[in-house]
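If you're matching positions, the sequence shown starts at 1 in UniProt numbering and goes up one per residue.
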Amino acid sequence: MTHDEKRLFLIKALLAESMKYPDMEVSDEAYFQDKLLRGLMNVRLPKPVSTEFIKIQDQYLSEKVRLKGVVSAEKILSVRDEFESILPSADRISLWKGDITRLDADAIVNAANTTMLGCFIPCHGCVDNIIHSISGVQLRLACNEMMKGHKEPVGSARLTSAFNLPSKYVLHTVGPVVSGELTKKQCHQLSSCYSSCLELAAKNQLKSVAFCCISTGEFLFPRAKAAEIAIKTVTDFLKKSTEIKKVIFNVFKEEDYDIYRGIICNG
1 MTHDEKRLFL IKALLAESMK YPDMEVSDEA YFQDKLLRGL MNVRLPKPVS
51 TEFIKIQDQY LSEKVRLKGV VSAEKILSVR DEFESILPSA DRISLWKGDI
101 TRLDADAIVN AANTTMLGCF IPCHGCVDNI IHSISGVQLR LACNEMMKGH
151 KEPVGSARLT SAFNLPSKYV LHTVGPVVSG ELTKKQCHQL SSCYSSCLEL
201 AAKNQLKSVA FCCISTGEFL FPRAKAAEIA IKTVTDFLKK STEIKKVIFN
251 VFKEEDYDIY RGIICNG
């Protein structure tokens, strides 16, 4: 079965699962097929799936990961080497701009919501959606089994397999939602997201962790303050812990890169 044939198989299998799409037309173009497949995966509820589906999905997603290109976390320069930063533990901290789902760190951090089931909005641009889309339907199933209908408190963290991602694990954390003036409680909660992830990583003997910019997207935490909290919490943790050898601050937007670089270079 070719890559294109696998994509069509997965689309047809997902369409057949629901009575909502009896007359859905599937484009002949690979780009639109891929968008449709991602959207169908995004809205799929956590329910049993056939071993054949999993096998073909895993093959398809593994090929997507290969085509995007895996980035070695180990080879990303530390901020000491790249920027001559004097930040505490600068030799164990890196700044990298790009798609977090390309990193082969021991764990990448997902900015989740309280259900921990991923984003259900088709093809949404949030990191939660992107991570679930590349990991595969197993991630939502694993999160559902882990949560059993409960809600996750803000500032805590959970660990799951990364399935089809290059990383080994995903650390899921729920950041604070800012709807008005930023509060001290929200700042403390964001700091807790970083420390909870690091504590869980160290407990599970993980050596490298890549953080996304938690809460700065849909949750509207001010970017500069979020970066300040992230860097301080991580450097404070690394001062007292030797288990984690590398922490990567992963940013996707140039604005965030400039903010982090400014703090790192003036640290």
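Where is the CB? At the ideal position from N, CA and C, for every residue including glycine.
| How long is the line joining the alpha carbons of K35 and K239, rounded to whole angstroms? | Counting from one through the sequence shown, the residue named residue 35 turns up at place 35. Counting from one through the sequence shown, the residue named residue 239 turns up at place 239. Their Cα atoms are separated by approximately 44 Å.
| field | Delimiting residues of the beta strand (DSSP E) encompassing H188 | value | Translated into positions along the sequence shown, residue 188 becomes position 188. It is not in any beta strand (DSSP E) - H188 instead sits in the alpha helix (DSSP H) that spans 184 to 203.
| Between G98 and G149, what straight-line distance do the alpha-carbon atoms span, to the nearest angstrom? | The count along the sequence shown starts at 1 and reaches residue 98 at position 98. The count along the sequence shown starts at 1 and reaches residue 149 at position 149. Approximately 33 Å, taken between the alpha carbons.
| Since N144 is in the beta strand (DSSP E), which residue starts that stretch and which ends it? | For the purposes of this step, residue 144 is identified with residue 144 of the sequence shown, where counting begins at 1. That residue, N144, is in no beta strand (DSSP E); its alpha helix (DSSP H) goes 137 to 147.
| message | Restricting to runs no shorter than 3 residues, where is the beta strand (DSSP E) found entirely within the stretch 5 to 51? | response | Complete beta strand (DSSP E) runs here, min 3: none at all.
| Alpha carbon to alpha carbon, what distance is there between L77 and V65? | One-based indexing of the sequence shown puts residue 65 at position 65. One-based indexing of the sequence shown puts residue 77 at position 77. Approximately 22 Å between the Cα atoms of the pair.
| By the 10 Å Cβ neighbour count, where 16 or more other Cβ atoms means buried, how is D104 classified, buried or exposed? | Sequence index remark: in the sequence shown, residue 104 carries index 104 (1-based). With 16 or more other Cβ atoms within 10 Å, it is buried.
| task | Would you check if the stretch 152 to 170 and the stretch 239 to 259 touch, i.e. whether three or more CB-CB distances between them fall below 8 Å? | result | no
| Can you give the Cα-Cα distance for E74 and R102, rounded to whole angstroms? | By 1-based counting over the sequence shown, the position of residue 74 is 74. By 1-based counting over the sequence shown, the position of residue 102 is 102. Roughly 13 Å between the two C-alpha positions.
| request: Identify whether S161 lies in helix, strand or coil by the three-state DSSP scheme. | output: Here residue 161 refers to the residue found at position 161 of the sequence shown. Three-state DSSP puts S161 in a strand.
| task | Enumerate in chain order the residues of its own chain whose CB-to-CB distance from L220 is below 8 Å, with the five nearest sequence positions on each side excluded. | result | Here residue 220 corresponds to residue number 220 of the sequence shown, with the count starting at 1. The answer, listed in chain order, is V177, V178, S179.
| task | Give a yes or no on whether the C-beta atoms belonging to T264 and S85 are separated by under 7 Å. | result | Position 264 of the sequence shown, counting from 1, holds the residue named residue 264. Position 85 of the sequence shown, counting from 1, holds the residue named residue 85. Before going further, note that residue 264 is Ile rather than Thr in the sequence given. Cβ atoms of I264 and S85: closer than 7 Å.
| V70 lies in the beta strand (DSSP E); which residues open and close that run? | Indexing the sequence shown from 1 puts residue 70 at position 70. Note, V70: premise wrong, no beta strand (DSSP E); not H, not E.
| What number of angstroms, rounded off, separates the C-alpha of L159 from the C-alpha of M146? | Counting from one through the sequence shown, the residue named residue 159 turns up at place 159. Counting from one through the sequence shown, the residue named residue 146 turns up at place 146. Our two residues, L159 and M146, have alpha carbons roughly 9 Å apart in a direct line.
| Which residue's Cα is closest to the Cα of K232: E82, P88, Y31, D23? | One-based indexing of the sequence shown puts residue 232 at position 232. Closest by alpha carbon: P88.
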